[in-house]
Amino acid sequence: MEVLRAAAAVLRKDLRGELRTRYALSSILLFALASVALVSFTLKGEALTPRQHAALVWVVVFFAAATGLARGFVQEADAGTELLLRQAASPEAVWLGKLLFNLALLAAVEAVVFPVYCGLMYASVEQPAQMAAVAALGAVAISGCTTILGAMVARARSRSSVFALTALPILLPALLLLVQASAPAFGAGGPEAGGREAALAVVSYTGILMVLSWLLFPAVWEE
Amino acid sequence: MAGVIAAAFLWSPPLQGLGEAGRIFYFHVPCAWVGTLAFLCAAYAGLKYLRTRDLEWDSSGAAAAQVGFLFTFLATVSGAVWAQEAWGRWWNWDPRQTAILMVLLIYGAYFALRSSIESAERRASISAAYSILAMVAAIFLVYVAPRLPGLDTLHPSPVLPGNDPERGIEPRILMVLLAALAGFTGLFAWMWRIQTRVDRLFLRREQNR
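Keeping their order, the protein sequence lines are chains A and B.
Following our numbering, the numbering of the first sequence begins with 19 at its first residue and continues without gaps.
Following our numbering, the numbering of the second sequence begins with 10 at its first residue and continues without gaps.
Structure (structure tokens):
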């Protein structure tokens, strides 16, 4: 309970900071919209299969996340507030708070990217409810797998490129599965689509990584 | 090792349907095996480091990753050569080819992370944590992803004795393969020890400065 309260405090602090500057949200969102526009411009409305739509939209979300999700920790390192945060809250609470903040950011980005993508690419969503569920699952998976990486690269030089580099292999299994899970919602049919199994696999993979992150985070965070 | 090489070329019968080029099998499979084994060793050393905070475990983990990278690279190249012979293309995004490329990427990310952190203690604890996380991803990519439904692979499913009672596996092939696996594992252990000792010498020199 103590951890949850402290995590909520970290989340509130980050949200307030973000609302003041809107740095992370605007950079991720602009990046995502620019890449959606680029995809749609270069493909010029060609008809794609449901699987191709699913792959493209998740690639856009991944790279948008890779540009901005390290921000939570990097900004603490830049402002020199790491020490204070280390004093004020337990490592688990910091991790959980930052995870929730990243989740909120990603949810906001996805809420814009998915409709814009479908609109620009003329992708018809056959099952909107399923789509929303997979998108929410994806936000949890991406933020759950990468929050600890943000704390790692906050200590490194050339952070953003190292963040993208380290996040790709960790997220790749989840992304492959998310593509498979969201293809049926774009209208991919057939028994081999396997959306449900893929979604369950995302849940288990994310679960393993989140438990590991929870255990490993103190070693990364503390001096 | 010399015996294994001689046996692979001279003693073992050609693999069914693959001809003489199939002999690369005795080097490709052990390299891929050692490539993943090395990452397990790196993650184990990382765990040991987080337990003991002894920097020697950190150099041991880095050494395992360096040697493992070499073997994974060899497995990728020998796999591509074999793919050209057997399937007619160097690279065709077979799920296992994708997986081994991702293992190479994981190694690359591990080295990039290491080289971008200055302080030795921080580098050690962060790369230890990353190696443990990445190990989960590597295991998933190598052992789970190729077996998912809906993905077609040209790689044979694991051939073990008794797995397929009808065709089975020629005992001589199995013997050479097992000998090659043991030989490559031994080679890896030997190279790992040398690399660890080299890294520890560098560590000592830095500490004595």
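Backbone N, C-alpha and C define an ideal beta-carbon position, used for all residues, glycine too.
>> Given a cut-off of 9 Å on the beta-carbon distance, is the pair B:F197 and B:F80 in contact?
In response: Position 188 of the second sequence holds residue 197 of chain B. Position 71 of the second sequence holds residue 80 of chain B. Yes, the pair counts as a contact, with Cβ atoms nearer than the cut-off.
>> Suppose contacts are defined by Cβ-Cβ distances below 9 Å. Is A:V112 in contact with A:W239 by that definition?
In response: Here residue 112 of chain A is taken as the residue at index 94 of the first sequence, counted from 1. Here residue 239 of chain A is taken as the residue at index 221 of the first sequence, counted from 1. For A:V112 and A:W239, yes; Cβs fall inside 9 Å.
>> Using only the alpha-carbon positions, how far apart do A:F181 and A:I46 sit?
In response: Indexing the first sequence from 1 puts residue 181 of chain A at position 163. Indexing the first sequence from 1 puts residue 46 of chain A at position 28. Their Cα atoms are separated by approximately 14 Å.
>> I want to verify the contact list: residues of chain B whose CB lies under 8 Å from the CB of A:A237, in sequence order.
In response: Locating residue 237 of chain A in the first sequence gives position 219, counting from the first residue. Here the neighbours are L59, S134, A137 and A138.
> Among A:A201, A:L194, A:F204 and A:P236, which has the Cα closest to the Cα of A:T224?
Replying inline: Residue numbering aside, residue 224 of chain A sits at position 206 when the first sequence is read from its first letter. Here the closest residue by C-alpha is A:L194.
> A:M149 lies in the alpha helix (DSSP H); which residues open and close that run?
Replying inline: For the purposes of this step, residue 149 of chain A is identified with residue 131 of the first sequence, where counting begins at 1. First-last of the alpha helix (DSSP H) with A:M149: P146 to V171.
> Which chain A residues sit within Cβ distance under 9 Å of B:I109?
Replying inline: Taking the second sequence and counting its residues from 1, one reaches residue 109 of chain B at position 100. Correct list: empty, because the minimum Cβ distance to chain A is about 12 Å.
>> Can you find the residues in the same chain that come closer than 6 Å, C-beta to C-beta, to B:A52, ignoring five residues on each side of it along the sequence?
In response: Reading the second sequence from its first residue, position 43 is the one you call residue 52 of chain B. Once the five neighbours on either side are set aside, the close Cβ partners of B:A52 are S140, I141 and M144.
>> Any C-beta of chain B within less than 7 Å: which residues of the segment 61-94 of chain A qualify?
In response: none
> With burial defined as no fewer than 16 other Cβ atoms inside 10 Å of the residue's Cβ, what is the status of A:L227: buried or exposed?
Replying inline: For the purposes of this step, residue 227 of chain A is identified with residue 209 of the first sequence, where counting begins at 1. Label assigned to A:L227: buried.
> Between A:G115 and A:I160, what straight-line distance do the alpha-carbon atoms span, to the nearest angstrom?
Replying inline: Counting from 1 along the first sequence, the entry for residue 115 of chain A is found at position 97. Counting from 1 along the first sequence, the entry for residue 160 of chain A is found at position 142. Going from the Cα of A:G115 to the Cα of A:I160 covers about 15 Å.
>> If the cut-off is 7 Å on Cβ atoms, which residues from the segment 168-194 of chain A count as contacting chain B, listed in chain order?
In response: M170, R173, A174, R175, S176, V180, L183, T184, L186, P187, I188, L190, P191 and L194
>> For B:N101 and B:L183, what's the separation of their Cα atoms in angstroms?
In response: Here residue 101 of chain B refers to the residue found at position 92 when the second sequence is read from its first residue. Here residue 183 of chain B refers to the residue found at position 174 when the second sequence is read from its first residue. Cα to Cα, B:N101 sits roughly 28 Å from B:L183.
>> Restricting to Cα atoms, I'd like to know which of A:A199, A:L74 and A:K31 is closest to A:E94.
In response: Stepping through the first sequence from its first residue, residue 94 of chain A is reached at position 76. Among A:A199, A:L74 and A:K31, the Cα nearest to that of A:E94 is on A:K31.
> Which class does B:S87 belong to by DSSP, given the choice of helix, strand or coil?
Replying inline: What you label residue 87 of chain B is simply residue 78 of the second sequence in a count that begins at 1. Helix.
> So the alpha helix (DSSP H) A:E36 belongs to, where does it begin and stop?
Replying inline: Start at 1 with the first residue of the first sequence, and residue 36 of chain A comes out as number 18. Run containing A:E36: E20 to T39, per the alpha helix (DSSP H) assignment.
> The alpha helix (DSSP H) with A:V134 in it runs from where to where?
Replying inline: Taking the first residue of the first sequence as 1, we reach residue 134 of chain A at position 116. Segment P109 to M139, the alpha helix (DSSP H) holding A:V134.
>> Among B:W199, B:W42 and B:Q216, whose alpha-carbon lies nearest the alpha-carbon of B:I109?
In response: Against the second sequence, residue 109 of chain B aligns to sequence position 100. For B:I109, the nearest C-alpha among the options comes from B:W42.
> Ordered along the chain, which non-local residues of its own chain (more than five positions away) have a Cβ less than 8 Å from that of B:P174?
Replying inline: The residue labelled residue 174 of chain B in the question sits at position 165 within the second sequence. At B:P174, the pLDDT of 39 sits below 50, so the modelled position is not reliable; the number obtained from the coordinates is stated separately. Closer than 8 Å at Cβ, skipping near neighbours: no residue.
> Between the segment 118-129 of chain B and chain A, which residues of the former have CB atoms less than 7 Å from a CB of the latter, in chain order?
Replying inline: A118, A121, L122, S125 and I126
>> Going by DSSP in three states, B:L183 sits in which element: helix, strand or coil?
In response: If you number the second sequence from 1, residue 183 of chain B lands on position 174. If DSSP states are grouped into helix, strand and coil, B:L183 belongs with the helices.
> If you drop the 5 nearest sequence neighbours on each side, which residues of the same chain put their C-beta closer than 8 Å to that of B:A118?
Replying inline: For this step, residue 118 of chain B is matched to residue 109 along the second sequence. Around B:A118: Y139 and A143.
>> With three or more beta-carbon pairs closer than 8 Å as the criterion, would you say the segment 95-102 of chain A touches the segment 58-78 of chain A?
In response: no
>> Give me, in chain order, the residues of the same chain whose beta-carbon lies closer than 8 Å to that of B:P167; leave out the 5 immediate sequence neighbours on both sides.
In response: Indexing the second sequence from 1 puts residue 167 of chain B at position 158. Note on B:P167: pLDDT 46, under 50, position unreliable in the model; no value is reported.
> Considering only residues of the same chain and omitting the five flanking positions on each side of B:N172, which have a CB-CB separation below 7 Å?
Replying inline: By 1-based counting over the second sequence, the position of residue 172 of chain B is 163. Confidence at B:N172 is low in this model, with a pLDDT of 37, below 50, so its placement is unreliable and the value that follows should be read with caution. Excluding positions up to five away in sequence, the list is empty.
> alpha helix (DSSP H) containing B:Y152: first to last residue?
Replying inline: Residue numbering aside, residue 152 of chain B sits at position 143 when the second sequence is read from its first letter. Careful: B:Y152 lies outside any alpha helix (DSSP H) and carries neither H nor E.
> Hey, how far is the Cα of A:Y135 from the Cα of A:A141?
Replying inline: Mapped onto the first sequence, residue 135 of chain A falls at position 117. Mapped onto the first sequence, residue 141 of chain A falls at position 123. Roughly 8 Å between the two C-alpha positions.
>> Using the three-state DSSP reduction, which class does B:W99 fall into: helix, strand or coil?
In response: Sequence index remark: in the second sequence, residue 99 of chain B carries index 90 (1-based). Coil, per DSSP.
>> Is the beta carbon of B:S128 closer than 9 Å to that of B:G55?
In response: The residue labelled residue 55 of chain B in the question sits at position 46 within the second sequence. The residue labelled residue 128 of chain B in the question sits at position 119 within the second sequence. Cβ atoms of B:G55 and B:S128: not closer than 9 Å.
>> I need the boundaries of the alpha helix (DSSP H) containing B:L113, first residue and last residue.
In response: Position 104 of the second sequence holds residue 113 of chain B. Run containing B:L113: P104 to S124, per the alpha helix (DSSP H) assignment.
> Buried or exposed: A:G86, going by 16 or more other Cβ atoms within 10 Å of its Cβ?
Replying inline: Position 68 of the first sequence, counted from the first residue, corresponds to residue 86 of chain A. Flag for A:G86 reads buried.
> Run through DSSP, which three-state label would B:S134 get?
Replying inline: Locating residue 134 of chain B in the second sequence gives position 125, counting from the first residue. B:S134: helix per DSSP, three-state reduction.
> With 16 other CB atoms within 10 Å as the buried threshold, where does A:M149 fall?
Replying inline: Position 131 of the first sequence holds residue 149 of chain A. Flag for A:M149 reads buried.
>> Just to make sure I have the definition right: I need the residues of chain A whose C-beta is within less than 7 Å of the C-beta of B:R131. Which are they?
In response: Walking along the second sequence from the start, residue 131 of chain B turns up at place 122. Simply R173.
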